[in-house]
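Residues in the sequence shown are numbered from 46 upward in steps of one, following the working numbering. Below is one structure, written out as structure tokens, with a few remarks after it.
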Amino acid sequence: MLRRFRLEEPETISEASSLLARHGESARIYAGGTELLLVMKEGLARYERLVNVKKIPGLDQIKLDNGSISIGALATHRRVTADALLQQHLPALVALEKNVANIRVREVGTIGGNLCFAEPHADPGTLLLALGASVVAAKDDGRREIPIDRFFVDAYENALADDELLTEIRVPRMPARSAAAYLKFGYLERPSVGVAVFLQCDGKAVRESRVAVGCAGPMPRRVSGAEELLRGKSLDEASRRLDEAGAIAGRASDAISDLHGSKEYKEHIVGVLLKRAFAQAAEQCR
Ligand SMILES: Cc1cc2nc3c(=O)[nH]c(=O)nc-3n(C[C@H](O)[C@H](O)[C@H](O)COP(=O)(O)OP(=O)(O)OC[C@H]3O[C@@H](n4cnc5c(N)ncnc54)[C@H](O)[C@@H]3O)c2cc1C
Numbered sequence: 046m047l048r049r050f051r052l053e054e055p056e057t058i059s060e061a062s063s064l065l066a067r068h069g070e071s072a073r074i075y076a077g078g079t080e081l082l083l084v085m086k087e088g089l090a091r092y093e094r095l096v097n098v099k100k101i102p103g104l105d106q107i108k109l110d111n112g113s114i115s116i117g118a119l120a121t122h123r124r125v126t127a128d129a130l131l132q133q134h135l136p137a138l139v140a141l142e143k144n145v146a147n148i149r150v151r152e153v154g155t156i157g158g159n160l161c162f163a164e165p166h167a168d169p170g171t172l173l174l175a176l177g178a179s180v181v182a183a184k185d186d187g188r189r190e191i192p193i194d195r196f197f198v199d200a201y202e203n204a205l206a207d208d209e210l211l212t213e214i215r216v217p218r219m220p221a222r223s224a225a226a227y228l229k230f231g232y233l234e235r236p237s238v239g240v241a242v243f244l245q246c247d248g249k250a251v252r253e254s255r256v257a258v259g260c261a262g263p264m265p266r267r268v269s270g271a272e273e274l275l276r277g278k279s280l281d282e283a284s285r286r287l288d289e290a291g292a293i294a295g296r297a298s299d300a301i302s303d304l305h306g307s308k309e310y311k312e313h314i315v316g317v318l319l320k321r322a323f324a325q326a327a328e329q330c331r
């Protein structure tokens, strides 16, 4: 049952931040509510005040900004899938977003809410890691940019201060001859394993590679060992090293045994998805 709460409706970031600062642990930001209301209904969390940030103008904008693509934290999953700029510049993110949750959740759930909740079985964080994204946190008296690999702190924990809002996700524009792919596997409501690969090619060589794994462990993470193994190799040579890269990524995924499968099973699936995601990205690079 959902207990009574007070709904605050600030119209600026500063007002929202002041409310969070004033009410501390008893208040929470309310975006789409798809996670928040669920945990409140189930009695897992109790907040006296919800700070609805949907009335703050501009927080759902998607635009090109200074060499990066800026995605407002309040853009819903549905909005991300339908945006022409993202379809052109970040097709891998659009493809990922089309497969997040179900149509009801995509319609109201936001990309910012997904990242802030930091649920381990979530998709966008893993791809955003491979894309080298950052997020913007804002409060009453300023804003700061946080590289996404420092945003996830643990399961359900992010790097925001108590009075900060996530306002924006910034993704560098894809360089020439680069491509990214994200693949996931799961048989429950949420994914069991997700793997993202970013490649930038120079002729037939891998100039830059980034690999990220998610869902298997408490939070998504980059896998520098696998990246180094693939970087600087020809695409053919890199393809031959994928078993090794997959084993490294599996171990680095920090997989835990749970309802989604055993640690060993998840580590194996990481390797399988890495091979397939690499093949997809390499094909686009070629
Ligand atoms: C049935 C179901 C299936 C799902 N399946 C998937 C899936 O397959 N893949 C996947 O990736 N995700 C999945 N999800 C998660 C879904 O993507 C999230 O529920 C949604 O994106 C959360 O966004 P929201 O706007 O509703 O957040 P809310 O519920 O409003 O907020 C979530 C948390 O983030 C905080 N928050 C929200 N916005 C901000 C902000 N701007 N700044 C600071 N803090 C903020 C809130 O205070 C709250 O603690 C699923 C969810 C459900 C319910």
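Using N, Cα and C, we set each Cβ at its ideal position, and we do this for glycine too.
Problem - Contact between the stretch 216-224 and the stretch 240-250 (3+ Cβ pairs under 8 Å) - result: yes
Exercise for the section: May I ask you to report which of helix, strand or coil DSSP gives Ala207? Expected result: Per the sequence shown, residue 207 should be read as Asp rather than Ala. In this structure, Asp207 counts as coil in the three-state DSSP scheme.
Practice task
Could you have a look at Asn159 and say whether DSSP puts it in helix, strand or coil?
Solution key: helix
Problem - Contact between the stretch 189-204 and the stretch 103-116 (3+ Cβ pairs under 8 Å) - result: no
Exercise for the section: Give me the Cβ distance between Leu135 and Pro169, rounded to the nearest whole Å; I'm assuming they're in contact under 8 Å. Expected result: Not a contact, Cβ separation roughly 11 Å.
Exercise for the section: Consider the C-beta atom of Arg67 and the heavy atoms of ligand 1; say whether any pair is separated by less than 7 Å. Expected result: Residue side-chain check: Arg67 keeps its Cβ at 7 Å or more from all non-hydrogen atoms of ligand 1.
Practice task
Check whether the Cβ of Ala167 sits closer than 7 Å to any heavy atom of ligand 1, and report yes or no.
Solution key: yes
Practice task
Can you give me the start and stop residues for the beta strand (DSSP E) that Glu53 sits inside?
Solution key: Segment 51-53, the beta strand (DSSP E) holding Glu53.
Exercise for the section: With DSSP collapsed to three states, give me the class of Ser59. Expected result: Collapsing the DSSP output to three states places Ser59 in a helix.
Practice task
Check Pro217 in the structure and name its three-state DSSP category.
Solution key: Note: Pro217 maps to strand in three-state DSSP.
Exercise for the section: Kindly examine ligand 1 and report whether one of its heavy atoms sits closer than 7 Å to the Cβ of Tyr40. Expected result: Residue 40 lies beyond the range of the chain shown here (46 to 331); nothing can be said about it.
Exercise for the section: Report the partner residues of Gly30 according to the DSSP bridge assignment. Expected result: Residue 30 lies beyond the range of the chain shown here (46 to 331); nothing can be said about it.
Problem - Check whether Thr155 and Gly239 have beta carbons under 8 Å apart - result: no
Exercise for the section: List the endpoints of the continuous alpha helix (DSSP H) containing Asp281. Expected result: 280-285
Problem - Residue interval of the alpha helix (DSSP H) (run including Ser269) - result: Under the DSSP assignment, Ser269 falls in the alpha helix (DSSP H) whose first and last residues are 269-275.
Exercise for the section: Using three-state DSSP, classify Asp194 as helix, strand or coil. Expected result: helix
Practice task
Report the residue from Ile293, Lys249, Leu174 whose alpha carbon sits nearest the alpha carbon of Glu328.
Solution key: Closest by alpha carbon: Lys249.
Practice task
Could you check the C-alpha separation between Ser254 and Phe197 for me, to the nearest Å?
Solution key: Rounded to the nearest angstrom, the two C-alpha atoms are 21 Å apart.
Handout entry: Distance, Cys330 Cα to Lys320 Cα
Key = 15 Å
Handout entry: Residue from Val181, Arg49, Ala257, Glu213 with nearest C-alpha to Arg94
Key = Arg49
Exercise for the section: Confirm the yes/no value for this check: CB of Glu213, any heavy atom of ligand 1, distance under 7 Å. Expected result: no
Problem - alpha helix (DSSP H) runs contained entirely in the stretch 76-151, provided each spans 4 or more residues - result: Those alpha helix (DSSP H) runs which fall completely within the stretch 76-151 and span 4+ residues are 81-86, 122-127, 129-134, 136-143.
Exercise for the section: Measure the C-alpha to C-alpha separation of Arg286 and Leu275 and round it to an integer number of angstroms. Expected result: 7 Å
Handout entry: Whether Gly277 touches Gly316 by CB criterion (8 Å)
Key = no
Handout entry: Spatial neighbours of Leu211 in its chain, beta-carbon cut-off 7 Å, leaving aside the 5 residues before and after
Key = Here Leu211 has Ala118, Gly157, Leu160, Cys161, Val180, Ala182, Leu205 as same chain residues with Cβ atoms under 7 Å from its own Cβ, once five neighbours each way along the sequence are excluded.
Problem - Same chain, Cβ closer than 6 Å to Ile314, neighbours up to 5 away in sequence not counted - result: Phe230, Val238
Practice task
Would you kindly check if the distance between the Cβ of Asp208 and the Cβ of Leu81 is under 8 Å?
Solution key: No, these two residues do not count as a Cβ contact at 8 Å.
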